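Residue numbers (the working numbering): 228 to 486. Notes follow the structure.
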Amino acid sequence: MEEKATNTSVLMDKLKELNELEIKKSKVLATIFQKSTQEIVDKKIQSLKTFFEEQLKFYNQKAENYNEIYQEILTKYQEQLQQIIEPYNQLYINLYLELQETECNFKIAITNLKKSYEIKEEIWNKVSQDIIEEYDRKINACKQKKSNYDCLIEECKKALNHCAIDMEKKINSLFQDKSSQILLKEENSFTKFFQKIKNVFTGKAKFIAYVIEPIQVELDMLENKLPDVSNQIYQQTITMVAKMKQAKARTNEIFDNMI
228 MEEKATNTSV
238 LMDKLKELNE
248 LEIKKSKVLA
258 TIFQKSTQEI
268 VDKKIQSLKT
278 FFEEQLKFYN
288 QKAENYNEIY
298 QEILTKYQEQ
308 LQQIIEPYNQ
318 LYINLYLELQ
328 ETECNFKIAI
338 TNLKKSYEIK
348 EEIWNKVSQD
358 IIEEYDRKIN
368 ACKQKKSNYD
378 CLIEECKKAL
388 NHCAIDMEKK
398 INSLFQDKSS
408 QILLKEENSF
418 TKFFQKIKNV
428 FTGKAKFIAY
438 VIEPIQVELD
448 MLENKLPDVS
458 NQIYQQTITM
468 VAKMKQAKAR
478 TNEIFDNMI
């Protein structure tokens with residue numbers, strides 16, 4: 228009895244270590260996702276700032292004259308980025324919760340498998356062959372359940388890894404990089420001397436017409452488009468979580484049928 232208690236204690240210690248390891252790994256994944264998200268936002272914000280600053284220079288305009296409108300554009304730009312990031316955050320959280328539940332079920336399957344082996348060894352030659360065969364079926368069912376949950380864990384991890392990638396692709400498709408527009412202006416510009424002369428007379432009007440107004444139009448278009456895009460991401464979350472729950476239910480059904 229003491230040896231059995233010791234074995235059980237060792238098993239629970241191992242599972243506790245495994246649980247702590249999984250928590251650390253999950254925290255690492257979450258940190259990577261948060262860092263990736265922040266890098267995407269910072270890159271887009273910096274692109275907008277650089278574009279604005281370069282165009283101010285190109286049209287020979289003073290930044291202080293456009294502080295208010297620039298802050299309005301920047302605030303709206305950040306808010307619109309958040310409209311895409313928030314549903315992806317929800318997607319990540321839901322996938323993370325599914326991963327946690329799946330890993331928990333995986334550990335339970337391992338525990339039940341080991342217990343079934345231990346009981347079979349303990350009752351060997353003490354009970355009828357029917358009971359031995361019953362434990363053989365249970366062992367095989369536990370093995371299959373463990374294997375199925377292992378596959379589900381990998382699917383959850385893949386989905387989590389793709390979450391940041393998909394988010395970046397979506398943001399890039401909606402929020403165009405301004406650096407290409409800067410290069411376009413540079414390639415089509417006249418000499419600096421003639422450009423300065425032109426800017427004295429038309430710099431302000433062109434800055435408003437070619438920089439401010441296009442950005443405002445772009446943001447207005449996004450404002451109308453983003454609710455549908457966000458809703459699509461939320462629907463994707465519902466669909467993915469539903470599929471994972473169905474897969475877990477099917478795994479339990481297979482287990483029940485095998486025993």
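Using N, Cα and C, we set each Cβ at its ideal position, and we do this for glycine too. Note that the structure is a prediction, hence the values are computed from the model and not measured.
Asked	Found
Would you please state the rounded distance, in angstroms, between the beta carbons of residue 397 and residue 311? I believe it to be under 8 Å.	6 Å
Kindly give me the distance between the Cβ atoms of residue 464 and residue 324, rounded to whole angstroms, as I take these residues to be in contact under 8 Å.	That pair is no contact at about 11 Å.
Comparing the C-beta of residue 320 with each C-beta of chain D, is any distance below 8 Å?	The structure shown contains no chain D, having only a single protein chain.
Throw me the rounded Cβ distance for the residue 384 and residue 333 pair, which I believe falls under 8 Å.	Not a contact, Cβ separation roughly 12 Å.
In chain order, what residues of the same chain lie with their CB nearer than 6 Å to the CB of residue 404, ignoring the 5 residues before and after it?	274
Applying the criterion that 16 or more other CB atoms from any shown protein chain within 10 Å of the CB defines a buried residue, is residue 438 buried or exposed?	buried
Do three or more CB pairs link the stretch 285-298 to the stretch 353-366 at distances below 8 Å?	no
Under 8 Å, do residue 401 and residue 471 count as touching if we go by C-beta distance?	no
If we ignore side chains and look at the alpha-carbon of each, how far apart do residue 480 and residue 457 end up?	35 Å
Can you tell me whether DSSP reads residue 486 as helix, strand or coil?	coil
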